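A short worksheet on the structure shown next.
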Amino acid sequence: MTLSEAGYRAGGARSAVIDELAAQDGCVTAEELAGRLMAKDRRVSTASVYRALAVLTELGLLHKVSLGEGRTRFELVSAGGEHHHHLVCDRCGRTVTFEDDDLEGAIRKLSERMPYEIDAHEVTLHGTCSACSAGGVSA
Numbered sequence: 000m001t002l003s004e005a006g007y008r009a010g011g012a013r014s015a016v017i018d019e020l021a022a023q024d025g026c027v028t029a030e031e032l033a034g035r036l037m038a039k040d041r042r043v044s045t046a047s048v049y050r051a052l053a054v055l056t057e058l059g060l061l062h063k064v065s066l067g068e069g070r071t072r073f074e075l076v077s078a079g080g081e082h083h084h085h086l087v088c089d090r091c092g093r094t095v096t097f098e099d100d101d102l103e104g105a106i107r108k109l110s111e112r113m114p115y116e117i118d119a120h121e122v123t124l125h126g127t128c129s130a131c132s133a134g135g136v137s138a
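As structure tokens, this is what we get:
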């Protein structure tokens with residue numbers, strides 16, 4: 000669904016958020032997004048960024064990635080619907096995506112054994128990235 004299909008006008012904070020997320024390689028927090036917009040002289044308040052993220056997530060245009068402890072990152076949902084999972088460094092917050100056919104197969108097998116019809120799933124693995132492990136960065 001697009002913003003216009005949902006009855007929202009083009010422009011404003013929602014469009015600025017979409018444009019900035021499209022320029023990113025990976026997930027960003029609301030604060031990072033607001034900072035990047037301000038650095039580009041986009042006149043969008045942090046509160047407007049939060050409201051835009053909420054609307055865009057509700058419309059299914061964004062995906063939320065929980066970092067734990069109430070922290071969240073956001074990314075655009077890909078137009079092709081490509082499915083991926085996330086690795087999150089609990090020390091620096093770095094988030095990377097990954098795909099794994101074996102994991103998808105295990106989830107399919109699990110869904111066959113469970114008394115549920117599985118429509119979707121999310122996998123976010125937490126740990127320490129190699130840079131933090133090598134550099135001794137503390138949590």
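Everything in the sequence shown is counted per numbering that gives the first Met the number 0, starting at 0 for the first residue and increasing by one. For glycine and all other residues, C-beta sits at the position ideal for the given N, C-alpha and C. Quick caveat: nothing in here was measured; it's all calculated off a predicted structure.
Rounded straight-line distance, which links the Cα of residue j to that of residue i
i    : j    : result
Y6   : H83  : The residue you asked about is not Tyr; residue 6 is Gly in the sequence shown. Going by the C-alpha atoms only, they are around 29 Å apart.
I117 : T56  : 21 Å
G67  : A21  : 24 Å
K108 : L32  : 38 Å
V43  : S110 : 43 Å
V54  : R8   : 13 Å
P114 : G104 : 18 Å
K39  : D24  : 17 Å
D99  : S129 : 20 Å
L58  : A12  : 15 Å
C131 : T45  : 29 Å
A133 : G34  : 29 Å
E4   : E30  : 28 Å
R41  : G10  : 11 Å
L86  : F97  : 7 Å
For residue j and residue i, believed in contact at Cβ under 8 Å, the rounded distance
i    : j    : result
V64  : C26  : 5 Å
L61  : E74  : 7 Å
L36  : A15  : 6 Å
I106 : H120 : 6 Å
R112 : T94  : That pair is no contact at about 31 Å.
R70  : T123 : 12 Å between Cβ atoms; not a contact.
Endpoints, alpha helix (DSSP H) assigned at residue i
i    : result
T71  : Looking at the DSSP string, T71 is not in any alpha helix (DSSP H); the run it does join, the beta strand (DSSP E), is R70 to L75.
L52  : T45 to E57
V16  : G11 to A21
C131 : S129 to G134
I117 : Here I117 belongs to no alpha helix (DSSP H), and DSSP marks it neither H nor E.
Residue range of the unbroken beta strand (DSSP E) whose run includes residue i
i    : result
L66  : L61 to G67
L124 : T123 to G126
L2   : Run containing L2: none; DSSP gives neither H nor E here.
Residue-level contact to chain C via CB, residue i, 8 Å cutoff
i  : result
Y7 : The chain inventory of the structure shown lacks chain C, comprising one protein chain alone.
Checklist entry - Would you say the segment 82 to 101 touches the segment 39 to 56, given that touching needs at least three Cβ pairs under 8 Å? => result no
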